[in-house]
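Notes for the one structure printed next.
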Amino acid sequence: MHMCRIPTNLCNVCRIEVATLTHMLWDCTKNPQGANSGTLPPRWAAALRSPSLGDQLWAVQQAREAAVRQGLDVPTWET
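Every letter in the sequence shown is one number past the one before it in my numbering, and letter 34, counting from 1, is 18.
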């Protein structure tokens, strides 16, 4: 018998909820910074509309950290 990991759509952190983008970024109860609101937090909404490179970088860093928590392959910051 060949043992392999069967892919699932559950969050790799809490293993309870479906790993939607909203859940992975801020609704996961195991994420200490999560808002657990099911809606886009104000800082995210502002960062996604902001022309500021700093705000955009913050959003990318948050998304990358969420991907790392989920065990996803993520690119490095190195060029």
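Heads up, the beta-carbon is just placed ideally off N, CA and C, and yes, glycines get one too.
Cβ-based neighbour list, residue i, same chain, cut-off 8 Å, excluding 5 preceding and 5 following
i, result
"Cys(-2)", "Cys12, Thr13 and Lys14"
"His7", "Cys(-5) and Glu1"
"Thr60", "none"
Buried versus exposed call for residue i [16 or more other C-beta atoms within 10 Å across all chains shown]
i, result
"Ala29", "exposed"
"Leu9", "buried"
Cβ-based neighbour list, residue i, same chain, cut-off 6 Å, excluding 5 preceding and 5 following
i, result
"Ala51", "Val58"
"Arg48", "Val58"
"Asp39", "Ala31"
"Thr(-8)", "none"
Cβ shell of residue i (< 7 Å), same chain only, five flanking positions each side left out
i, result
"Ala43", "Trp28, Ala31 and Leu32"
Cβ distance (whole Å) where residue i is taken to contact residue j below 8 Å
i, j, result
"Ala3", "Gln54", "6 Å"
Beta bridge counterpart(s) of residue i as assigned by DSSP
i, result
"Leu(-6)", "Val2"
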